[in-house]
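Just so we're on the same page, our numbering is the position in the sequence shown counted from 1, plus 193.
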Amino acid sequence: MPEAPLTDDPSIPNNELLYHRVYPDPHGIYIEPTSREPRPTSGAFRSKGPEPLSVDLASLTTPEESLSRAPRPGFYLAVVRAGVIRRPETGCRIVRHAEPGNVAHALVYGRGRGGALTKGQREKVAQQARFIVVDEQAVGEARERAKTEDN
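(1) Name the one or two DSSP bridge partners that Val301 has.
(2) Put Leu253 into one of helix, strand or coil per three-state DSSP.
(3) Using the rule of at least 16 other Cβ atoms within 10 Å of the residue's Cβ for burial, across every protein chain shown, is Arg214 buried or exposed?
(4) Residues in its own chain within less than 6 angstroms of Pro245 by CB, not counting five upstream and five downstream?
(5) Measure how close the beta-carbons of Ala271 and Pro233 come, nearest whole angstrom, since I'm counting them as under 8 angstroms.
(6) Which same chain residues, not among the five before or five after Arg286, have their C-beta less than 6 angstroms away from its C-beta?
(7) Once the 5 residues before and after Asn295 are set aside, which same chain residues still bring their CB inside 8 angstroms of it?
(8) Using a Cβ-Cβ cutoff of less than 7 angstroms, which residues in the same chain neighbour Leu210 once the five nearest sequence positions on both sides are dropped?
(9) Contact between the region 321-338 and the region 221-240: three or more CB pairs below 8 angstroms?
(10) Output the boundary residues of the beta strand (DSSP E) element that contains Ile325.
(11) Based on Cα-Cα distance, which residue from Ile278, Pro219, Tyr212 lies nearest to Asp328?
(12) What span of residues does the beta strand (DSSP E) with Ala271 cover, start to end?
This is the structure we're talking about:
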């Protein structure tokens, strides 16, 4: 992983959508209490190790292409705006990091070790993120869990 850059990449506009592949786990789905809509949990934005979060710039790829780069089929796809990542209360930086076969790749650097997002940063991102690809059966299971937790 490259050294953490000192500055955010200003060529990525705040309205840019960022795709993030999410491990397919029904417990990684949070149901908003008022809207009953699913969104990723903060755990969905945890890096594999002490490293920045991997995302794709939506303006340079499609959801299908982004998901095709997942380690195996079945991953969910979350989306969040770059401006959310950069908010002062979130405090992350976004940097282009093209990879072979993926010009859309970028990294989100948090304040954690190795550029990982801290728990607080992950929570702020998750609150604004939405799924654009998710297993509907898993959403149903999450809704059932949420009902029992509400009672």
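Quick reminder that beta carbons are idealized off the backbone N, C-alpha and C, glycines included.
This structure is a prediction, so every number in the text was calculated from the model and none was measured.
Short version:
(1) Reading the sequence shown from its first residue, position 108 is the one you call residue 301. Its beta-bridge partners are Leu246, Ile287.
(2) By 1-based counting over the sequence shown, the position of residue 253 is 60. Three-state result, Leu253: helix.
(3) Within the sequence shown, the letter at position 21 stands for residue 214. Buried is the call here.
(4) To locate residue 245, count along the sequence shown from 1; it is residue 52. Here the set comprises Leu300, Val301, Tyr302, Gly308.
(5) Locating residue 271 in the sequence shown gives position 78, where the first residue counts as 1. Locating residue 233 in the sequence shown gives position 40, where the first residue counts as 1. Correct: roughly 5 angstroms between the Cβ atoms.
(6) Position 93 of the sequence shown, counted from the first residue, corresponds to residue 286. Closer than 6 angstroms at the Cβ level, and outside the excluded window around Arg286, lie Asp201, Tyr302.
(7) Within the sequence shown, residue 295 is the residue found at index 102, counting from 1. Correct list, in chain order: Asp249, Thr254, Arg262.
(8) What you label residue 210 is simply residue 17 of the sequence shown in a count that begins at 1. Cβ neighbours of Leu210 beyond the five flanking positions: Ala251, Val272, Arg274.
(9) yes
(10) For this step, residue 325 is matched to residue 132 along the sequence shown. Counting along the chain, the beta strand (DSSP E) containing Ile325 begins and ends at 323-326.
(11) Taking the first residue of the sequence shown as position 1, residue 328 is located at position 135. Nearest option by C-alpha distance: Pro219.
(12) Stepping through the sequence shown from its first residue, residue 271 is reached at position 78. Counting along the chain, the beta strand (DSSP E) containing Ala271 begins and ends at 269-274.
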